[in-house]
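Down below is the structure, laid out as structure tokens.
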Amino acid sequence: MKNNNGKNEEMPNAALHELFVEQLRDVLGAERQLLKGLKKMSAAAVNPELIEAFKSHHDQTEGQIENLKQVFDSIGLTARGKKCKAMQGLLDEAEEIIEEFEDNEALDAALIGAAQKVEHYEIATYGCLVTYAKLMGHTESENLLQEILDQEKETDILLTEIAMSGVNAVGS
Numbered sequence: 000m001k002n003n004n005g006k007n008e009e010m011p012n013a014a015l016h017e018l019f020v021e022q023l024r025d026v027l028g029a030e031r032q033l034l035k036g037l038k039k040m041s042a043a044a045v046n047p048e049l050i051e052a053f054k055s056h057h058d059q060t061e062g063q064i065e066n067l068k069q070v071f072d073s074i075g076l077t078a079r080g081k082k083c084k085a086m087q088g089l090l091d092e093a094e095e096i097i098e099e100f101e102d103n104e105a106l107d108a109a110l111i112g113a114a115q116k117v118e119h120y121e122i123a124t125y126g127c128l129v130t131y132a133k134l135m136g137h138t139e140s141e142n143l144l145q146e147i148l149d150q151e152k153e154t155d156i157l158l159t160e161i162a163m164s165g166v167n168a169v170g171s
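What follows is the structure, given as structure tokens:
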């Protein structure tokens, strides 16, 4: 049913719900794209701690994809992702870094920078999704998305710790 402003009144926050679903599809696609990117970054890295962090985040990302499927299920939709242009750009940049720095002692530092750009994109995205879920009263979705958001923040902190433990001190 439309009101005088031409807006759908059948569902509270219908426009926000539409945005929520669109962003869920985008981030599901992003996480699937990231799986391939993490394999490439892991293969290119030199520092054993960084290699392990990339491998661990790959496994974690697989779990996040399962959580996203549960989010879709909790709102009565089939999980369907779409290609995320932002993630594609971030992963293209990571590939350029690998090519440019493959024989350079700053490769791991550059990879950490590329990975943290990905994490910050994910943190921003999941932060918005948690807020949308909360505003719409999607408690199950909110909890699942908060769990992913917390994991992304932990990964960002871990990458900083690896960088500060010596990876960024190349040539010192």
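Numbering (numbering that gives the first Met the number 0), first residue to last: 0 to 171. We put the CB at the ideal spot given by N, CA and C, even for glycine.
G80 carries a coil assignment under DSSP once its states are collapsed to helix, strand and coil. Within the same chain, Cβ atoms closer than 8 Å to the Cβ of D72 are found at A78, the five residues on either side in sequence being excluded. Contact between L110 and A44 is confirmed by a C-beta separation of about 6 Å, below the 8 Å threshold. The residues R24, L27, G28, R31, in chain order, have a CB closer than 7 Å to that of G80 in the same chain once the five nearest residues on each side in sequence are set aside. In the DSSP annotation of this structure, the continuous segment of the alpha helix (DSSP H) that includes N142 starts and ends at 138-161.
It is roughly 5 Å from the alpha-carbon of L106 to the alpha-carbon of F100.
Annotation: the continuous alpha helix (DSSP H) that includes G62 extends over 47-73. For V20, the enclosing alpha helix (DSSP H) has its first and last residue at 13-43. With 16 or more other CB atoms across the displayed protein chains lying within 10 angstroms of its CB, E118 is buried. A contact is defined here as three or more CB-CB pairs under 8 Å, and the segment 42-58 fails this definition with respect to the segment 125-136. Take Q145, set aside five residues on each side of it, and the residues of its chain with a beta-carbon closer than 6 Å to its own are V129, in chain order.
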